[in-house]
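Chemist: What follows is a structure written as structure tokens; I'll ask about it next.
Right, dumping it as structure tokens:
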């Protein structure tokens, strides 16, 4: 923990090249391990899944919430409670500082996940090149030692990636670094946590378009069911070069009809959660550009 009260996180992988000591290597066994890994955990489908997981985290929005000692997190996540409680004990200036710090922690977390995936990709390419060379012209001792190191590294990187992905909130927990300095000792001790919420995305296969209207449908990516009490904002704009907001609507459900549009005209639509003062990080909003149908006779 730093002198400011904020914890420090070790973002380096536990194993590095310097940690690995060369030893007697069973070449056939090494080849089998590499080939099996390339055909399973490092095949094209597995790499695509990891990329999609990372993209989901990058597109998510992140919020702080307050958890008291006697409550579970899901029982105390109302925005008004979080804002008023923290602000009353911290003051506006310090709260803004904590919010900026939380935002930086999210960026560090996402950057680290991206770095891990890049390392996994590089290790995979190196192992594929090693197998190809072994099959074509053979390999020397140094190349075998390097391949074993690459194998150990990629296995560690994959474990680290999945572990961080599964408990992404844990590295962002503020309790260990920041306990509110309570003015009244009888108040319960609280934790300030950062939680992620999946990105809101348009259901592109459900769109209904006519000459004068567009019916939009959306969902929260990565969630099996609808998020309770979620409020969304739909914004309708004319496209560039002369962008103009035509309509803004607040929705409590997962669909919205935009009426009174012009035929054969392009419009841009965005969908997102309504602004929340507890939000500390959001860098992506789903955007859709559509052209309404012509008002002429329909041809099937």
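In UniProt numbering, the protein residues as written are 1 to 300.
Idealized CB from N, CA, C, for every residue including glycine.
These figures come from a predicted structure and were not determined experimentally.
1. Would you mind giving the Cβ-Cβ distance between residue 238 and residue 215, rounded to the nearest angstrom? I have them listed as a contact below 8 Å.
2. Starting from residue 251, trace the beta strand (DSSP E) in both directions and tell me its first and last residue.
3. Three-state secondary structure (DSSP) at residue 230?
4. Strictly by DSSP, which residues pair up with residue 333?
5. Could you tell me the boundaries of the alpha helix (DSSP H) in which residue 29 lies?
6. From the DSSP output, in three-state form, read off residue 257 for me.
7. Where residue 194 and residue 293 are concerned, what is the direct C-alpha to C-alpha distance, given to the nearest angstrom?
8. For residue 159, report the span of its alpha helix (DSSP H) as first-last.
9. Can you grab the Cα-Cα spacing for the pair residue 280 / residue 102, in whole Å?
10. Which residues in the same chain as residue 244 place their Cβ atom closer than 6 Å to its Cβ, once the five residues preceding and following it in sequence are excluded?
11. Taking C-alpha atoms, which residue in 156, 44 and 201 lies nearest to residue 59?
12. Out of curiosity, what's the CA-to-CA distance linking residue 54 and residue 295?
13. Which partner residues of residue 356 appear in the DSSP bridge assignment?
14. Can you find at least 3 beta carbon pairs, one from the segment 250-261 and one from the segment 282-289, that sit closer than 8 Å?
15. Taking all protein chains shown into account, do 16 or more other C-beta atoms lie within 10 angstroms of the C-beta of residue 124, making it buried, or fewer, making it exposed?
16. Please classify residue 148 as buried or exposed, where buried requires at least 16 neighbouring CB atoms within 10 angstroms.
17. Around the Cβ of residue 75, are there at least 16 other Cβ atoms within 10 angstroms (buried) or fewer (exposed)?
18. Take the Cβ of residue 141 as the centre, count every other Cβ of all protein chains shown within 10 Å, and call the residue buried at 16 or more, exposed below.
19. Leaving out five residues before and five after residue 37 in sequence, what residues of the same chain have Cβ atoms less than 8 Å from its Cβ?
20. What's the C-alpha gap between residue 96 and residue 199?
21. Check residue 272 in the structure and name its three-state DSSP category.
22. Quick check: the Cα distance between residue 223 and residue 217, rounded to an integer number of angstroms?
23. Could you tell me whether the segment 99-119 touches the segment 129-139, using the rule of 3 or more Cβ pairs below 8 Å?
24. When the Cα atoms are used, what is the spatial distance from residue 88 to residue 98?
25. With a cut-off of 8 Å on the beta carbons, I'd call residue 119 and residue 157 a contact; round off their distance for me.
26. Looking at C-alpha atoms only, which residue of 242, 260 and 273 is the closest neighbour of residue 251?
27. Whose CA, out of 34, 113 and 29, lies closest to the CA of residue 56?
28. Name the DSSP bridge partner or partners of residue 218?
29. Grab the span of the beta strand (DSSP E) containing residue 98 for me, first residue to last.
Modeler: From the atom records:
1. The distance from the Cβ of residue 238 to that of residue 215 is about 19 Å, inconsistent with a contact at the 8 Å cut-off.
2. 244-251
3. coil
4. This structure gives no information on residue 333, because the portion of the chain shown stretches from 1 to 300.
5. 27-39
6. The answer is strand: DSSP assigns residue 257 an E or B state.
7. 44 Å
8. 141-166
9. 7 Å
10. Excluding sequence neighbours, residue 244 sits near 238.
11. Residue 201 is the option with its Cα nearest to residue 59.
12. 43 Å
13. In this structure the chain extends from 1 to 300, so residue 356 is not present and cannot be described.
14. no
15. Buried: at least 16 other Cβ atoms inside 10 Å.
16. buried
17. Confidence at residue 75 is low in this model, with a pLDDT of 43, below 50, so its placement is unreliable and the value that follows should be read with caution. Exposed, by the Cβ-count rule.
18. Classification of residue 141: exposed, given that the 10 Å Cβ count is below 16.
19. 127, 151, 154 and 155
20. 24 Å
21. Looking at residue 272 - three-state DSSP - the assignment turns out to be strand.
22. 16 Å
23. no
24. Cα-Cα distance, rounded: 14 Å.
25. That belief holds up - the Cβ atoms of residue 119 and residue 157 are roughly 5 Å apart, short of 8 Å.
26. Answer by Cα proximity: 273.
27. 113
28. Paired residues: 202.
29. Unbroken run through residue 98 is the alpha helix (DSSP H), 92-136; no beta strand (DSSP E).
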